[in-house]
Amino acid sequence: MKKYETEVRVIYADTDAMGIVYHTNYIKWFEVGRTEYLRQIGFPYSILEKEGVWLPLAGVVCNYKLPAVYDDILTINTWVKELKAATVTMAYEILRKETGEILVTGFTKHAITDEKLKPIRLKNKNQELHKRIMEDLNDNK
């Protein structure tokens, strides 16, 4: 399975009063992984938005397994789980780099829309991006 890696370091502002990462930061790191995935395949959000392709969030699932703490370096693995005509689902694993322990897993589902949030078919709007995502999907099987 082809996964794209991004690293982040936990800073004090990411932690709660117990000294562990506050739960919503993992959702933020899903976005970091997704943003970097798009950048790594040559389609950063800034380019997509100029082309009129938006990816608003339609759903998120986050499964917490182990806590991250201040100064951990985390590896965010991101890959395409599913591409339909007007939706894309991205999957994530967040690991503690030092030990390889899986801390969090999850996915986000995104509508594929124009700037007015009207659903569009990615294949019709950006054939190159559609092809690239399909290649990743085929590598993941």
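Just so we're aligned: 60 in my numbering is position 57 of the sequence shown, and the numbers increase by one with no gaps anywhere.
Backbone N, C-alpha and C fix where the C-beta goes; we use that ideal spot for every residue, glycine too.
Taking all protein chains shown into account, decide if M21 is buried (16 or more other Cβ within 10 angstroms of its Cβ) or exposed.
exposed
Within a Cβ cutoff of 6 Å, which residues of the same chain sit near W85, ignoring the five residues on either side of it in sequence?
Note on residue identity: the sequence assigns Glu, not Trp, to residue 85. Counting only Cβ-Cβ distances below 6 Å, and skipping sequence neighbours, we find T92.
Just the Cα atoms here: how many angstroms apart are E118 and A61?
In this structure, the CA atom of E118 is about 15 Å from the CA atom of A61.
Does the stretch 46 to 61 come close enough to the stretch 73 to 88 to have 3 or more Cβ pairs within less than 8 Å?
no
Please look up how many angstroms separate the CB atoms of V24 and C65, rounded, as I've assumed it's under 8 Å.
Their Cβ separation, rounded to whole angstroms, is 12 Å, which puts V24 and C65 out of contact at 8 Å.
On a CA-only basis, which of H133, K87, A71 is nearest V11? Give me that one, please.
A71
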